[in-house]
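K.L.:
Before I ask anything, here is the structure I am working with.
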Amino acid sequence: MEGNSLIWLTLGLPILGFLFQGICGRFLDKTASGKKLMGLLAVAPIAIAFVIGALITKSLDPAKAVVVSSIPWIELKGLSIPFELRIDTLSMTMVLIITGIGALIHLYATGYMAEEKDYSRFFAYLNLFIAAMLILVLGNNLMMLFIGWEGVGLCSYLLIGFWYEDVANAKAANKAFIVNRVGDWGLTLGLLLIATLVATSAEIQGETRLFSYDVVFQHLPKILAANPGVATAAALLLFVGACGKSAQFPLYLWLPDAMAGPTPVSALIHAATMVTSGVVLMNRMSMVFEASAVASAVVCAVGAFTALFAAIIAFGQTDIKKVLAYSTVSQLGFMFVACGAGAYWVGMFHVTTHAFFKALLFLGSGAVIHAMAHEQDMRNYGKLAKYLPVTFGTMMIGYLAIAGVPGLSGFYSKEEVIGSALAGNHAIAGALEVGKWSGWICLVVAALTAMYMTRMMWLTFFGNEEQWRKIEPHHAAEGEDDHGHHHLDATHKPHEVPFSMAIPLVALAALSLLGGWFLASGGRFEHWLMASHVGPLTEVPTHPEGIPLMALSVGAAVLGICAGIAVYMKGLPAKEGWDESKWSAFRLRARDQFGYDSLVVNSVTSDSAAFSASANTGFDHGVIEGLGEGAGSATSWLGGIFNSVQTGLVRMYASIMLIGVVVLVLYVVISSGGGK
Amino acid sequence: MIPTIDWGVIGPVAIVAVTGMIALIVHMITGNSEKNFTQKVTVFGLLIALTSLLAAGGSERFVLQEMVVMDRLGSVGQLLTVFSALIVALVSPAYLEAKRIKLGEFYPMLAWATVGGMIVCCTRNLLVLFVGIEILSISLYVLAGLHRTSKKSEESAIKYFLLGAFATGFLLYGIAMFYGATGSLNMSTLVSYWLHGAPENKILLSLSFALIAVGIGFKCSLAPFHQWTPDVYEGAPTNVVAFMATGGKVGAFVALWNFADSFGHAGRFVGMTIATLAVLSMLVGNVLAMAQKNIKRLLAYSSIANAGYVAVAAASVAIAFRLNHIALIFFLFGYVLTSLGVFVVVLAMAKDGEEPMSLDDLKGLASRSPILAYSLVVFVLSLIGLGPVSGFLGKLFILKDALTANLAWLAVVMVLNSIFGAFYYFGMLRSAFAPAEGDARPISLSIPQTFSLSVCVVGVIGAVVFYAPLLAHLGLR
Amino acid sequence: MKITPDMIVFAMLAGMAALSAVGVVAFRNAVRSALCLVFTFFLLGFLYFALNMEMLGITQIVVYTGAIMVLFLFVIMLLNLGASHVLEEKSDPKKVIGIGFGVSLAVLLASQIVPVLIKVNAPTAPEGFGSPQVIGNVLFTDYVFPFEAVSILLLLGIVGSVLLAKRRLS
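Chains as they are written, first to last, in this note's numbering: chain A, 50 to 725; chain B, 192 to 668; chain C, 2 to 171.
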């Protein structure tokens, strides 16, 4: 193998890792040294894949997309779908993010999950996830994208429910699964619609690879230009798919609950990589969105609304991971605003920098949770900076990056997002300049982001007192729960992360610090990624005329940070404390997502009477509680039936029937004379 | 090329199918409202279908390569299926109310069951036959389990389903063999393959006959594939049973007849096999019915016996082919009207979640509601096959067919069995005219119940009185 | 009858399919049974491929293996059928009858069919056989009536299962 064929190795290594972890893992991970070995064998394939990916990227000509060796897969008359990989700047960007950050998070997880008894199962899923994600981004046809799409969904489901003995986790996993079905429905229809459109004109050339990008890209623009209505339909269908996976309103519901999974999973899947696949899809199929201004306007509007909505909800959260989850939803909204505005590369830019700093923040929060005996409520933290210097230092960088402080990675990408939205003239529905409005909303959200992140940082690392000191000490006998973890109480002493967890934190901090500057300087990322776009991409300006963008975005960040410090300087305000009766009505509503989640969940599970009442109820009737009750009664129902059936009557009847059949056949065989 | 569609033939089926869909939507919108729009929509749709069927009666047509065969038997079968669905839909609200089954989905399911029966009536294509039988069966499985709070109802549903699936397996296997031998799914292709085919094909075809006979025999509840019948009849809600025993059976009977007609060319063994099944069914049905105390079980065994009579007709046509449909048409006419009538009587007696279960519950009927009691007399006479009512005429024609086919012994068995039948049918009358025990309140009949009852009574008697004009209208003679 | 590579492939696929079909009824554990069924369906899909029916094969795998059986597994897991010992029973003479007559039926049919099948020449499929176009054409022309009838069947199945599963507590 040479050159670009090596890409198969990038894909194959995680699969090998998965197979090894899955087959041999459970025999080896019983001892500490065995776990170390398995951990190493989980990290190594991803790291090597990263190195290979980097080598290929280095020798890649940005202007040329390479399709690597296709292996026949589905061959029908008039349709063939091969296994083929596409190497271009978009796919390689994602490969580097996935394997690079993936390797760091794997490394982190070897430390984080050290006490876990299902050690190798975890890494098997994680490696499988990497493989599926690589298929998603590397595949050269829509069907491979779909396989990857479903594969990452499966891994996400398995990993959210990793601690499946816990009902809440199983519920969250099911919720993610069910909500994603809605998105997948849109994606499937979109893919089929595109293939159908392409079929007619591709057939003339005798081309049967209807799903392959090169074929699609060649034929689609003309068709879409001729049928704007169809373009809008296709774009919106794809966007429904993107909304599901990338947690946009109204399908964002699953992502906050998905944080029930282990923290490395949250960092890798639910912040850095999988949730951005919607953005990748929009980049890949940008020509479809190019052809429809209306659909782009919808994308912009949904993105901006999600960004704002999630940012407000984040203020109502006290669980550190929930804050980060809503922050992720909000940041994904930014990416969609950029894509909707027509600046697809800006969306990818934000994907990249977000992958750096959000993975960092999640891993940092994991370190905090690890240090605080698995307590996730920020109201129990405070003044942790002195106990966890490394975590604090690195998270501080991540925090400044997401807040948009100049010089750090988040600043560059966020400024481009807002700039392209304000300057762009692509997302226009009728006379309404949706793009511009989204830009202004994003600016507000940027300030809000800075503020709620300040809140999170302050409650965790600063403040006046160490809140957990107020917790009554547990008795020795109750000091450990089923998992063997200590409970958090006043005697607890936070401990800094081990070395294996510190390396990824430092590496990601360095990326968050310098990555943005490196990629943005001289338009490096823009020129690199623009080459991937084969469609008739209009040059979208990223700096609006007559608006002091730089001043505005810096102002928003500074304003948000200052406001945050002003409010939270003295530790937790009483109106956000343990006593929730003192909370303001708005904050309470924000915590409950303004009733949206329970509304949806109830309308799906209960009948119409509960639906009208559900706006006022909380999480009482979860999807699975409903299902569980149904299943319980169904079981007793079935049991009842089988009890009465098990008198043997049905068997008796069936036996008699069988005897009848045998006699009948015998009679016919004899009397028909065997056909003579 | 999209085939041109003869809506005169497909129309009634389509109307009923769409009626079911509309009824479902109406039910979704209105729910279980007082006005019961779902039932009204269903009745209305069935009426339209009935009218279109009556209007369409013209020439015999083969449509879509024999997938739909609109012959006399088929159109009468469809007519009777729709008619029984209509009567059941008319009398159901009162019964469902009395049994507190608040499920308006009953009506769309009933409509679709009717669609299944109608499809089965009018085809000689095994694929269509299979699909039709499945539509009919699956809706009946569900309907049998409609009474959710009753263990018996659920038990009957699951028993029916398990055994039905078992039988379907044989049916499908038989169809596959038929296709393997002929490369076609049309039963009428059998003739040429049997006459000119290789011996190997004949083996496959005779096996396919045996296996398909099992599948259709199950639907007709021919012995020894009848065991589900009493249990399901006993457990399922009575209005569902009323349809199962009439509209649900018509399709199966017509299919059995068509099947025998087509496969008869294969040789005498076809007719003899069916004749054997007929004898078994008549014996099992009539003998076991005598031992029953439960009304619904009794009616179940009665329907097994009646399936035996139909099998006699089928055996005759298999042996002496080119027999007329007329015997089966008259038999079905009498059977459907009579059975419907008996069920309407039983349904009308349901009150406050209770319904007559044993023969003793019929006691006092004559004083409680003379109309019901005297209607029951007419129906019982028809079931026995006595006097100037339609049941008599149907049996007479079948006997005549059997004699034409040189099956005198079968005719004798059939006559003997009819005499057995008289015992238990008279048992019903004896109870009905005995003095009341327990509840002696008069039974008031609603308008739909009265209407249904009178239609059945008039039909049962009228079939004999207007025998000649009826035949002329059907174009038979 | 000559043994060709095709036949060996067929025999392997069919044999494994039959074996796993036995597994469906033989396993006490419902999940295992369901997985056996998945495997059976999967192999049947391959049998279709072997018969040049790619379309049917893919449909088989997507619809049965992919969708329906996943649903089965979900239901089985949700029902949480519990320990399989609940389903154990004392030895039942009907079992012997069932097995005995089942086997005799199989032997009876095989004794009739096998000699026939041995003489059959393997037909070759015409060009384009089993492709989506051909199937689509046939479905929407010659077989449009049963096709529409099946759509009613499916609708009925959906409504029926909802009807049976729904619980009215009032």
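A virtual CB, placed ideally from N, CA and C, is assigned to each residue, including glycine.
Could you tell me which residues DSSP puts in a beta bridge with residue 153 of chain C?
P.N.:
According to DSSP, residue 153 of chain C bridges with nothing at all.
K.L.:
By alpha-carbon positions, which one of A/371, A/292 and A/284 ends up nearest to residue 307 of chain A?
P.N.:
Of the candidates A/371, A/292 and A/284, the one whose C-alpha sits nearest the C-alpha of residue 307 of chain A is A/371.
K.L.:
For residue 122 of chain A, which of helix, strand or coil comes out of DSSP?
P.N.:
Correct three-state label for residue 122 of chain A: strand.
K.L.:
Can you name, in chain order, every residue of its own chain whose Cβ lies under 6 Å from the Cβ of residue 34 of chain C, other than the five neighbours on each side?
P.N.:
Within the same chain, residue 34 of chain C has close Cβ partners 25 and 28.
K.L.:
Tell me the DSSP secondary structure of residue 188 of chain A in three-state form.
P.N.:
Residue 188 of chain A falls in the strand class under three-state DSSP.
K.L.:
Taking Cβ positions, are residue 318 of chain B and residue 6 of chain C nearer each other than 7 Å?
P.N.:
Going by C-beta atoms, residue 318 of chain B is not nearer than 7 Å to residue 6 of chain C.
K.L.:
What are the boundary residues of the beta strand (DSSP E) that includes residue 134 of chain A?
P.N.:
Its beta strand (DSSP E) spans residues 128-136.
K.L.:
Looking at chain C, is there any beta carbon in it that lies within less than 7 Å of the beta carbon of residue 602 of chain A?
P.N.:
No, because no Cβ of chain C sits closer than 7 Å to the Cβ of residue 602 of chain A.
K.L.:
State the DSSP-derived secondary structure class of residue 716 of chain A, mapped to helix, strand or coil.
P.N.:
Helix at residue 716 of chain A.
K.L.:
Apart from the five residues just before and just after residue 326 of chain B, which ones in its own chain have a Cβ nearer than 7 Å to its Cβ?
P.N.:
Correct list, in chain order: 303, 306, 307 and 310.
K.L.:
Kindly indicate if chain C contains any beta-carbon less than 7 Å away from that of residue 319 of chain B.
P.N.:
It does: the Cβ of residue 319 of chain B has a partner Cβ on chain C nearer than 7 Å.
K.L.:
Could you check the C-alpha separation between residue 519 of chain B and residue 400 of chain B for me, to the nearest Å?
P.N.:
Taking the straight line joining both Cα atoms gives about 21 Å.
K.L.:
Using a Cβ-Cβ distance under 7 Å, would residue 610 of chain B count as near chain C?
P.N.:
No - not a single Cβ of chain C is within 7 Å of the one on residue 610 of chain B.
K.L.:
With DSSP as the reference, label residue 549 of chain B as helix, strand or coil.
P.N.:
It is a strand residue.
K.L.:
How should residue 76 of chain A be labelled, buried or exposed, when 16 other C-beta atoms within 10 angstroms of its C-beta is the threshold for buried?
P.N.:
Per the 10 Å Cβ criterion, exposed.
K.L.:
Listed in chain order, which residues of the region 139-161 of chain C have Cβ atoms closer than 9 Å to some Cβ of chain A?
P.N.:
Those residues of the region 139-161 of chain C that come within reach of chain A (Cβ to Cβ, closer than 9 Å) do not exist; the list is empty.
K.L.:
What does residue 113 of chain C reach in chain B if we use C-beta pairs closer than 9 Å?
P.N.:
Here the neighbours are 394, 395, 397 and 398.
K.L.:
Going by the CB atoms, is the gap between residue 230 of chain B and residue 299 of chain B shorter than 7 Å?
P.N.:
No.
K.L.:
Near residue 439 of chain B, what residues of its chain come up, given a Cβ to Cβ distance below 7 Å and the 5 sequence neighbours on each side ignored?
P.N.:
Once the five neighbours on either side are set aside, the close Cβ partners of residue 439 of chain B are 304, 308, 327 and 331.
K.L.:
For a contact meaning CB atoms closer than 9 Å, what does residue 710 of chain A contact in chain C?
P.N.:
Those within 9 Å of residue 710 of chain A in chain C are 102 and 106.
K.L.:
Counting Cβ pairs, one atom from each stretch, are 3 or more of them under 8 Å apart for the region 510-525 of chain B and the region 477-484 of chain B?
P.N.:
No, because fewer than three Cβ pairs between the region 510-525 of chain B and the region 477-484 of chain B fall closer than 8 Å, the two stretches do not touch.
K.L.:
In the structure shown, what three-state DSSP assignment does residue 226 of chain A receive?
P.N.:
Residue state, collapsed to three classes: helix.
K.L.:
Mind listing the chain A neighbours of residue 99 of chain C? Cutoff is C-beta to C-beta under 9 Å, in chain order.
P.N.:
The answer, in chain order, is 700, 703, 704 and 707.
K.L.:
Any beta carbon from chain C within less than 7 Å of residue 239 of chain B's own beta carbon?
P.N.:
With 7 Å as the cut-off, residue 239 of chain B does not count as an interface residue toward chain C.
K.L.:
Give me the residue from A/415, A/261, A/216 and A/218 with the minimum Cα distance to residue 121 of chain A.
P.N.:
Minimum Cα distance to residue 121 of chain A is reached at A/261.
K.L.:
Show which residues of chain C have a CB atom less than 7 Å away from the CB atom of residue 125 of chain A.
P.N.:
The contacting residues are 55, 56, 132 and 133.
K.L.:
In chain A, which residues lie less than 8 Å from residue 95 of chain C when you measure between Cβ atoms?
P.N.:
Correct list: 697, 700, 701 and 704.
K.L.:
List the residues of chain C whose Cβ lies closer than 8 Å to the Cβ of residue 545 of chain B, in chain order.
P.N.:
Ordered by position in chain C, no residue passes the 8 Å Cβ test against residue 545 of chain B, which lies about 20 Å from the chain.
K.L.:
According to the Cβ coordinates, are residue 483 of chain A and residue 388 of chain A closer than 7 Å?
P.N.:
No, the pair does not count as a contact, with Cβ atoms beyond the cut-off.
K.L.:
Along chain C, which residues have their Cβ under 8 Å away from the Cβ of residue 177 of chain A?
P.N.:
Going along chain C, no residue has its Cβ under 8 Å from residue 177 of chain A, so there is no contact; the nearest lies around 18 Å.
K.L.:
Quick check on DSSP: helix, strand or coil for residue 253 of chain B?
P.N.:
Here residue 253 of chain B sits in strand by DSSP.
K.L.:
Under the assumption that residue 247 of chain B contacts residue 199 of chain B (Cβ atoms under 8 Å), give the Cβ distance between them as a whole number of angstroms.
P.N.:
Indeed they touch by this definition, with Cβ atoms about 5 Å apart.
K.L.:
Can you check which of these residues, A/345, A/127, A/566 and A/361, is closest to residue 386 of chain A by C-alpha distance?
P.N.:
Among A/345, A/127, A/566 and A/361, the Cα nearest to that of residue 386 of chain A is on A/345.
K.L.:
Examine chain A for any beta-carbon lying closer than 7 Å to the beta-carbon of residue 410 of chain B, and answer yes or no.
P.N.:
No, no contact with chain A.
K.L.:
Tell me which residue opens and which closes the beta strand (DSSP E) that residue 259 of chain B is part of.
P.N.:
Residues 259-261.
K.L.:
Nearest-angstrom Cα distance between residue 4 of chain C and residue 707 of chain A?
P.N.:
Answer to the nearest angstrom: the Cα atoms are 35 Å apart.
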